[in-house]
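Protein chains in written order, with the numbering used here: chain S, 207 to 962; chain P, 190 to 470.
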Ligand SMILES: Cc1cc2nc3c(=O)[nH]c(=O)nc-3n(C[C@H](O)[C@H](O)[C@H](O)COP(=O)(O)OP(=O)(O)OC[C@H]3O[C@@H](n4cnc5c(N)ncnc54)[C@H](O)[C@@H]3O)c2cc1C
């Protein structure tokens, strides 16, 4: 039956796997990352950093460095014309340290010179005399008040309690544990970079930067430079990953100050080592939890104490703390709780946003606890979680009612239905055993374990923050162009936004205008929020344009615009026969609309931690199968099965990418990724010693997308960025415990934790 | 910085003698990292990469495989090394990533001479001989005399490592390396074991658990004195366990950010006993 058939490529509308516009360039190496930028007459900038975790600066002498040929200028705290500090929540971090350095790697000065090597030599010639002080490194000392304040704002960044229900209730089952989470790095591959180009009149500048939030950078930069925001333009440079590490200011202010002082473009970029000092990390935390349950294993009450080590400056610690403690219960019903939470200041590196934002830490604790309850009542990990699974309408321990779609039980049962991987055969590829290419084990040395993790994660911003995103859509001659300031950090908004425009407007060609501050804020690319927020803004702008197009067409053809709809790439009359292509309909006209999408209002917590502080929630279940070499303590994660509550899949390829990537990141925290600290000093600031999972470490991922349309979300889709990395970590640890029959309460799990 | 790309060994040797601060570069996988971190600042680099004679594998004498110092790991992973010196192939496979293995070499592993260098325990277990040439002389040094400490060797500035001789041993041999991830990781502890069936001996060398590679002579002697080690002998779990303990006792590991001394010692005892069992399966 040889018949010719016309194969039409599916249009890249919502629901289809549209490809990333920058995908081929990235794979081929031709994508322009910010570190690839270049400007005529450009100088290089570099930062001098403190070698000490805590020291008093006695003097800074830059004269020898300034005398070095090729050096153009050197700046210190004295050269900051505006506000001397910055910060996302509390402006407590100096642009340059002037009196004290409070963590190893804190910026003290910056230099501009004709070559990176000149910069390096100049930095070596700057003489800083320090009086080295004993660092505060134990968070408990910060809480106890046993250490003099290391910052005028004190050593406790935030303390918050949650007190709910009956404070004295208990149950026949009581299990507890103290869980320790190590410091994880976001380890994005595209290092920090920026190019600042001063205006010819020297009164303003243009900064190209790899960031998560252009407008927030702008606000903080403008205050430090003492320049009105209109005098500063920010354009997003090519970003190679973020994961929270680009929310805070790193080199932005330094680069701008140097450019203004030198009167020439300045390029700055960090090395991998400097990057470890140049951005915030995931908070290390110690979490005590005690669960009281009835004889069936239903949770009666939770007592918990959280201590997050915020490091030297506030960054987003207050918000991370709230996220952590408000997720104490996980995705389970709980009526009574007593939670005490601290985020403290120490002389460790500042910690802030990282994918999962406080919930990762809480989840490791509550999921470890669920398994303990299961053992105590003789139930399986699946049974115990199903018995306690939360549903829409349940009150949280903050008193907030769960209004999001909450398919917790479905996530669990659908994950459970995914077939387990085949048992190891008699002959195995030794590379696939724990130990991998090190060939440390034979099949007979290996035991297999299975573990579970389920999580709840808030989406978008919390605690009364007016969170919004802005987008503009312009339709002209059948082509839509979109303008927004949404940072594309790899998550795929540049793929999604055109999909939205095609779906709403019936166009095929969509032009993305430069991502910069020439339009209103899009908010941060964080908190799993951009598909919901900027997606909502693009959708809103496109709908406004469509409405005007229908008016235009209706008027031209004397049809009630309310009868018009988009069908494929045509405007049609729902009740008549009229059909007109969008290209023709928009010929010769230009319709432009801007839309701001705000999510619903949230509230702050009261003294007892009560209040509607979160916007929405998403859920996910993970089941891990691991092979362990108990004698050597080595682990290979064989398979992760997952069912994730996504609302609606807008791009299947993008969605699975988020799930697989998140799972790899959660695996990293479970078994290898840790910034190792010793008395305030970072011991492993390199990819030689800060280990990330490789292809041989990555498990098979079998994923089910649970599509229950979320009515609150503009596109019905929930944020999917953070959930994949949250409960996979406890699932892997549970599987290790299951394999070796030993309790482990610290992550990452080290070989010696397993075998010694 | 001047880069001299030598096509002949003598060109490189001449340049080396003329420039007191010159550094040899083969794959560059160690040296470029050092330069990028500013640990070394050579003004002259002598590239060995185009010297064909350093990239050959020869079997001039019976029972001996001579591997050029510039042969990359990706070649060592394959035949003829795979059959003749399987432990070396295994060690080569554990080095870095495919990119690193395409560039890195035995000459560089010896030039750096780190206790974590993965091919060094194989050289120690096999009593490899290192060929060193200057413009007007040459010498052959046993690996046991070559490595003198952490990143220290007897190589003189004007010497180039040209090749390494490995005896082809009848029997079983293997290399195992523990790291905290399943590929591309610096060794936390490693072990090479060679069972020489003809001479009824077992030789074992340890990496990353002391300032140099450690040959466990006492454990080897104990094993030989107490057990039949010819082909077809059998090794019980108890013997293997005891051997592992004895090998671990000869190690002198430290605590650092990569691991602890206690874990390293434990890992050596496990690796040594597993390798021994495998050798007489
Ligand atoms: C990402 C990464 C992963 C790595 N993983 C591993 C690993 O798993 N295991 C491991 O052992 N190593 C590892 N290394 C280190 C390195 O790859 C090896 O030590 C390799 O053998 C070096 O060989 P090369 O040819 O690249 O040496 P080069 O860098 O060219 O040289 C290294 C040193 O040896 C000297 N040298 C080179 N050739 C000669 C010669 N013929 N005569 C005298 N001196 C010479 C050089 O002057 C220099 O001092 C890794 C390196 C990187 C960057």
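Positions of the beta carbon are idealized from the N, C-alpha and C atoms, including for glycine.
### Nearest-residue set for ligand 1, Cβ under 5 Å from any heavy atom
In chain order, the residues positioned with their C-beta nearer than 5 Å to some heavy atom of ligand 1 are 212(P), 213(P), 214(P), 215(P), 216(P), 217(P), 218(P), 219(P), 220(P), 258(P), 284(P), 285(P), 289(P), 293(P), 294(P), 296(P), 297(P), 298(P), 300(P), 301(P), 306(P), 307(P), 349(P), 350(P).
### Query
Where does residue 689(S) fall in DSSP's three states?
Looking at residue 689(S) - three-state DSSP - the assignment turns out to be strand.
### Query
Does the count of Cβ pairs from the region 447–459 of chain S and the region 386–396 of chain S closer than 8 Å reach three?
Contact between the region 447–459 of chain S and the region 386–396 of chain S is established, with three or more Cβ pairs separated by less than 8 Å.
### Task
Kindly indicate which three-state DSSP category residue 931(S) falls into: helix, strand or coil?
Residue 931(S) sits in a helix when the DSSP states are folded into three classes.
### Query
Residues in the region 346–377 of chain P with C-beta within 9 Å of chain S's C-beta atoms, listed in sequence order?
Those would be 363, 364, 365, 366, 367, 368, 369, 370, 371, 372, 373, 374, 375, 376, 377, in chain order.
### Task
Could you check what DSSP says for residue 434(P) in three-state terms: helix, strand or coil?
Secondary structure of residue 434(P) (DSSP, three-state): helix.
### Message
For a test of the three-state rule: what should DSSP assign to residue 209(S), helix, strand or coil?
### Response
With a pLDDT of 49 at residue 209(S), under the threshold of 50, the predicted position of this residue should be treated as unreliable, though the coordinate-derived value follows. If DSSP states are grouped into helix, strand and coil, residue 209(S) belongs with coil.
### residue 779(S), DSSP secondary structure in three states
The answer is strand: DSSP assigns residue 779(S) an E or B state.
#### Entry: Secondary structure of residue 902(S), DSSP reduced to three states
The answer is coil: DSSP assigns residue 902(S) none of H, G, I, E or B.
### Residue(s) in a DSSP beta bridge with residue 411(S)
Beta-bridge partners assigned by DSSP to residue 411(S): 404(S), 438(S).
### Message
Is there a Cβ of chain P sitting closer than 8 Å to that of residue 865(S), yes or no?
### Response
By the rule that beta-carbons nearer than 8 Å mark a contact, residue 865(S) does not touch chain P.
### Query
How many Å lie between residue 903(S) and residue 831(S) at the Cα?
One Cα belongs to residue 903(S), the other to residue 831(S), and the distance between them is close to 13 Å.
### Message
Cutting at 7 Å between CB atoms, please list the residues of its own chain near residue 368(P), excluding the five before and the five after it.
### Response
Correct list, in chain order: 374, 375, 376, 377.
### Query
Straight-line CA distance for residue 428(S) to residue 435(S)?
Approximately 6 Å between the Cα atoms of the pair.
### Inter-residue CB distance, residue 522(S) and residue 294(S) (contact presumed, cutoff 8 Å)
Rounded to the nearest angstrom, the Cβ distance from residue 522(S) to residue 294(S) is 5 Å, consistent with a contact under 8 Å.
#### Entry: With 16 other Cβ atoms within 10 Å as the buried cut-off, status of residue 226(S)
By the neighbour-count rule (16 or more Cβ atoms within 10 Å), residue 226(S) is buried.
#### Entry: Which residues DSSP lists as bridging residue 507(S), in chain order
Paired residue(s): 498(S), 542(S).
### Task
Give me the Cβ distance between residue 490(S) and residue 515(S), rounded to the nearest whole Å; I'm assuming they're in contact under 8 Å.
With a beta-carbon spacing of about 5 Å, residue 490(S) and residue 515(S) fall inside the 8 Å limit used to define contacts.
### Query
What is the residue span of the alpha helix (DSSP H) that residue 665(S) lies within?
No alpha helix (DSSP H) contains residue 665(S), which is instead part of the beta strand (DSSP E) from 653–665.
### Query
So, are the CB atoms of residue 913(S) and residue 829(S) less than 8 Å apart?
Against a cut-off of 8 Å, the Cβ pair of residue 829(S) and residue 913(S) comes out as no contact.
### Task
Using DSSP bridges, identify the partner residues of residue 381(P).
For residue 381(P), which the question treats as bridged, DSSP gives the partners 364(P), 394(P).
### Message
Is residue 429(P) close to chain S? Criterion is C-beta to C-beta, closer than 8 Å.
### Response
The C-beta of residue 429(P) comes no closer than 8 Å to any C-beta of chain S.
### Query
Can you tell which of 656(S), 585(S), 426(S) has the C-alpha that lies nearest to the C-alpha of residue 504(S)?
Comparing Cα positions, the closest option is 585(S).
### Query
So which residues on chain S does residue 401(P) lean against when the C-beta distance must stay under 7 Å?
Proximity of chain S to residue 401(P) at the Cβ level (cut-off 7 Å) is not reached, the minimal Cβ distance being about 21 Å.
### Query
Taking any Cβ of chain S, which residues in the region 456–467 of chain P have a Cβ under 8 Å from it, in chain order?
Cβ proximity to chain S below 8 Å picks out 456, 459, 460, 463, 467 from the region 456–467 of chain P.
### Task
In angstroms with no decimal places, state the Cα-to-Cα distance between residue 208(S) and residue 215(S).
Unreliable positioning characterises residue 208(S) in this predicted model, as indicated by a pLDDT of 45, which lies under 50. A coordinate reading is not provided.
### Task
Compare the beta carbon distance of residue 549(S) and residue 524(S) with 8 Å and say whether it is the shorter of the two.
Yes; because the gap between Cβ atoms is below 8 Å, this pair is in contact.
### Query
Can you give the Cα-Cα distance for residue 573(S) and residue 936(S), rounded to whole angstroms?
Distance between the alpha carbons of residue 573(S) and residue 936(S) is about 6 Å.
### Task
Starting from residue 903(S), find everything on chain P with Cβ-Cβ shorter than 9 Å and list it in chain order.
Near residue 903(S) (Cβ distances below 9 Å), the residues of chain P are 370, 371, 372.
### Query
Can the beta-carbon of residue 342(S) be found closer than 8 Å to that of residue 353(S)?
In contact: residue 342(S) and residue 353(S) (Cβ atoms closer than 8 Å).
### Task
Starting from the C-beta of residue 418(S), find all residues in its chain whose C-beta is less than 7 Å away, skip the five residues before and the five after it, and write them out in chain order.
Within its own chain, the residues whose Cβ lies closer than 7 Å to the Cβ of residue 418(S), once the five positions on either side in sequence are excluded, are 448, 452, 453, 693, 695, 730, 731, 732, listed in chain order.
### Task
Provide the residue span of the alpha helix (DSSP H) that contains residue 264(S), from first to last.
Here residue 264(S) belongs to no alpha helix (DSSP H); instead the beta strand (DSSP E) covers 261–267.
### Query
Going straight from the alpha carbon of residue 202(P) to that of residue 242(P), what length do you get?
Approximately 13 Å between the Cα atoms of the pair.
### Task
Verify the CB distance criterion: does residue 644(S) have a CB-CB separation below 8 Å to chain P?
Yes, its Cβ sits closer than 8 Å to a Cβ of chain P.
### Query
By Cβ distance, which residues of its chain are closer than 7 Å to residue 131(P), with the 5 residues on each side in sequence left out?
Here chain P covers residues 190 to 470 and nothing more, so residue 131(P) does not appear.
### Chain-order list of residues whose beta-carbon lies under 6 Å from that of residue 899(S) (same chain, five-residue window excluded)
Beyond the five residues adjoining it in sequence on each side, residue 899(S) comes within less than 6 Å, by CB distance, of 870, 873, 874 in the same chain, given in chain order.
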